[in-house]
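Data block below; observations after.
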Amino acid sequence: MQPTPEQSPHHAYPDHWEADVVLRDGGTARIGPITPDDAGRLVSFFEQVSDESKYYRFFAPYPRLSDRDVHRFTHHDYVDRVGLAATVGGEFIATVRYDRIDDRGRPASAPADEAEVAFLVQDSHQGRGVASVLLEHIAAVARERGIRRFAAEVLPANTKMIKVFRDAGYTQQRSFEDGSVHLTLDIEPTAESLAVQRAREQRAEARSVQRLLAPASVAVVGTGRAPGGVGRTVLRNLLNSGFTGRLYAVNHAFAADQDSLDGVPAHRSVGGIGEPVDLAVIAVPAERVPEAVADCGEHGVRGLVVLSADYAERGAEGRDRQRALLRQARSHGMRIIGPNAFGVINTSGAVRMNASLAPASPAPGRIGLFTQSGAIGIALLSGIHRRGAGLSTFISAGNRADISGNDFLQYWFDDPETDVALLYLESLGNPRKFTRLARRTAAVKPVVVVKGARHSGATPPGHAVPVSRIPDATVSALMRQAGVIRVDTVTEMIDAALLLADQPLPAGPRVAILGNSESLGLLTYDACLTEGLRPRPPRDLTTAAGPADFRAALAEALADPGCDAVIVTAIPLVGTEGEVQSGDGEVLAAALHEAVAERTAGPAKPVAVVHLEIGGLAQALAATAGTRPAGGDVPEAGPAQAAAPAPVPSPPAGAAAEPGAHTPAPTGRIPAYPAAERAVRALSESVKYAQWRRQAAAPGRVPEFLDDTIDEPGTAALIDALLGPAPDPRGRPLGHDEARELLRGYGIGVRATLPAPDPDAAVAAAVRLGWPVALKTTAPHLRHRADLGGVRLDLAGEDALRRAYGELTELLGKPAELQPVVQSMAPRGVDTVVRATIDAAAGAVLSFGLAGTPSELLGDVAHRLVPATDRDAAELIRSIRAAPVLFGWRGSSPVDTRALEELLLRVSRLVDDHPEVVSVTLEPVVVATHGLTVLGASVRLAPPPARTDLGPRRLPNY
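What follows is the structure, given as structure tokens:
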């Protein structure tokens, strides 16, 4: 007799299988195990399924479920028999189940690793992608229970179900037997199945955002009867923006006979509207929000913008209220922006929606803006308006309990209205996913990020998300690797956005500087050198230069193949009598526009203007020119750009721009800056991003030669043995010999050390290892601290060794405290450090730097996400500021960087293949002119953290 879930702890209810998911049309559903308490819901669900769908499921007419059927379909052991249901509004919309079978198709238990799987989807929900997402989840459950294959019998006429299996990306076999299609699927994830899953995720999440940004109807719930207040303000802003859809005012306190407010239909509830509502803006006190959400959910509202405050930003009680809000909304298939949100804006001519507290809509433009802070959102809207730019979309998500920056990256990825994505973030709820999505989006359009709360080490109020413990410098390096343009301030964000949105990407770092002030030109020249650009000597047009001179000089610079970008510097013109003429900015702007518009041959080049107190110039430059400059694609780098001075992180495999990828189209606007440093910094970011984009077309790879020298199965067996059958969740550090053995499986040799508890043992160890030797302390407080005198090198004989031993113990302490060891000398070289660590939120990170106190003190360490490619490894060692030491600094011999790159790849492969290896430190790694030597290694093993990025699609629940 099979044990019931109540009888066996092993078969207890698996609540970790519960998940909220986004469906193909952008709505949400809840997935969870079916239990005996679901009998009523199952019967109701079955009664709503058409006879045809029942026939496809059972291969015969099946009008109703018998009591025996209901018991069988609701009682599971959660191991050999599992059923999952998708629900919306608390009701079943689809089910899936598997039954473990043996090789003859009969019911079985483990170790049988095959199961029969079957689906049933309510007809009104077919076509929403429900079966596809259920297949992902039931396959994950099956793998957890030791099942490796699914078998399914499908009628040939059931083409929808056949397509679900065929398009899943799993390895499969198909045959036709006894009038049905027999399918066998290997449910181990493949590169294809993961790609299919992520493509579906992108489409679904983008669609869920699109439903919020382009509704056909909006209801403002909580519209005050008197002027003022949040709800009334949003209603007024929607009217003033010219919203193209239907608009409704909702307030339960409206009089029964009141039918309009400010010319908008007025209702006491969403249910009283009587027509479909796509988006509801909730502006009622927090205690009344559940009632409003229930009203919306019960009447088919698709999404919510919750402006109401007093949620997670108010502490534990508010956090519980926020989680309840999220559960309630998702139970009805709705997604949320907020709570404590500032609102959303869409400037598209087809929508024209300002559902926010911003008094005026920004001008239409090609920039998308997401912010987690309403105050920062206000500042950014003001700054962008003041600079003459426009936005495609604006979202201020507040506590972002549901919709986050990740969702908007999914949306902006293929949004034809957006050329540049800006994000102000204070927390990263899912850094792995953010990095993946940012890398994909950056391959087709710039992504500019400002990260707040960089140094606090805590989550900002209202952000109930996991906190990553990796340093901010590491976060910045990983963003760069993903192609993200990371800037420090919102001012720098706007500066970069204007250049990226309005100007073509540069082909390289060569900059022409021209203007009517020698001093301003020199400041610009110095700023270019500071930012790693290659400026040409400034061209001084003298203070007597007029607009025609500027036009001719700019046209000449744009035609010059020796430069990739142009910075124009301008001060007010000085008249013949010495008077300052500061009001002719429109004339100068027209001349510059004409020079750019006349450029028709060769690659397009970005132009930026630095000006001091020239009235009207910035506004005139921001006006759209009559003719757009040619080009918009990423230009190819010519031979002169091959030696760009600053290494730029390259995109990992898979980041290449997709065919037909959108590239920003120049608008003819020329960005203007009040300081040379700001213009140059924006241009520098554009140069580095353009280089990243070019490299995205040919991503790096993991060299195949590693496979011949790596014993993955043997290492896995060793790790299992070291962790034991019941590993400590906190993990365990490996001893010296254990670490050497584990690393040897991946072709990483660690030079042997022998303990030296006394002078005689030290001499015996030296004889065994061979002279000359090094004597080192291994006490934790002295490890890798040669500056404290804990290391003695090049000891060529017994006398020298005994003398060094005596000095060491006399200076630093007793042998029992110092734990001295003897090690044979390695060839001279540069001491370096290679590390790999796993952060539960961000994933595995590979790091490199020079050994020693100065590098630690200055934080001169480079980082890359694992798995690292050959290009990542090459750029990792070139990214640190002390990199010249490796390449022959001050006449020294260059070291073997190829051997160092190979070592980095081996460490990356180790932690990628074996997530139980949560930390590896190789220190020091002495890199000589030929080869390298690993002198010390520490390894820590632990049960691997959950990899949510590799599992089935699910929404986070914070």
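Using the working numbering, count along the sequence shown one by one with no gaps and you end on 1054. Ideal placement from N, C-alpha and C gives every residue a C-beta, glycine not left out. Remember, predicted model here, so these are calculated numbers, not experimental data.
If contacts are defined as beta-carbon pairs under 8 angstroms, then residue 845 and residue 1030 qualify, I think. What distance do you get, rounded to the angstrom? 6 angstroms
Helix, strand or coil for residue 767, going by three-state DSSP, please let me know. coil
May I have the straight-line CA-CA distance separating residue 588 from residue 1026, to the nearest angstrom? 44 angstroms
Supposed close pair residue 494, residue 435 - CB separation, criterion 8 angstroms: 6 angstroms
Coarse secondary structure for residue 913, derived from DSSP in three states: helix
Using CA coordinates, which residue listed in 471, 713, 652, 820 is at the minimum distance from residue 454? 471
Buried or exposed for residue 825, going by 16 or more other Cβ atoms inside 10 Å? exposed
Is the CB-CB distance between residue 911 and residue 853 below 8 angstroms? yes
For a test of the three-state rule: what should DSSP assign to residue 356, helix, strand or coil? strand
Which of helix, strand or coil DSSP assigns to residue 449: strand
To the nearest angstrom, report how far apart residue 175 and residue 107 are at their CA atoms. 7 angstroms
Completely contained alpha helix (DSSP H) runs for the region 470-521, where each covers 4 or more residues: 470-482, 501-509
Would you check if the region 901-908 and the region 923-932 touch, i.e. whether three or more CB-CB distances between them fall below 8 angstroms? no
Just the C-alpha distance for residue 291 and residue 265, rounded to the nearest angstrom, thanks. 8 angstroms
Nearest residue (CA-CA) to residue 873, options 890, 843, 863, 909: 909
Alpha helix (DSSP H) containing residue 588: first to last residue? 586-598
Under the three-state reduction of DSSP, which class applies to residue 171: helix, strand or coil? coil
If you follow the alpha helix (DSSP H) that residue 341 is part of, which residue opens it and which one closes it? Neither: residue 341 is in no alpha helix (DSSP H) and is coded neither H nor E.
How far does the alpha helix (DSSP H) with residue 365 in it reach, from first residue to last? It is not in any alpha helix (DSSP H) - residue 365 carries neither H nor E in the DSSP assignment.
Is residue 602 buried or exposed, if buried means 16 or more other CB atoms sit within 10 Å of its CB? buried
Can the beta-carbon of residue 808 be found less than 8 angstroms from the beta-carbon of residue 1009? yes
In the DSSP assignment, find the beta strand (DSSP E) that holds residue 278 and state where it starts and stops. 276-282
Span of the alpha helix (DSSP H) around residue 386: 385-394
Our contact map puts residue 195 next to residue 210 with C-beta atoms below 8 angstroms; I'd like the distance itself, whole angstroms only. Actually they are not in contact, since the Cβ atoms of residue 195 and residue 210 sit about 10 angstroms apart, beyond 8 angstroms.
What number of angstroms, rounded off, separates the C-alpha of residue 891 from the C-alpha of residue 519? 58 angstroms
Output the boundary residues of the beta strand (DSSP E) element that contains residue 126. 124-129
Go to residue 577, then tell me how far its alpha helix (DSSP H) extends in each direction, as first and last residue. 568-577
Rounded to whole angstroms, what's the CA-CA distance from residue 511 to residue 159? Just pull it up for me. 46 angstroms
Do the CB positions of residue 378 and residue 404 come within less than 8 angstroms of each other? yes
Just reading off the alpha helix (DSSP H) that residue 832 is part of, what are its end residues? 832-840
Looking at C-alpha atoms only, which residue of 834, 843, 821, 842 is the closest neighbour of residue 849? 834
For residue 194, list the residues DSSP reports as bridge partners. 178, 213
Take every Cβ of the region 357-375, pair it with every Cβ of the region 305-323, and state whether three or more of those distances are shorter than 8 angstroms. yes
Residue 540 to residue 917, Cα distance in whole Å? 54 angstroms
Option in 431, 546, 464 with minimal Cα separation from residue 496: 431
Residue 872 lies in the beta strand (DSSP E); which residues open and close that run? 869-873
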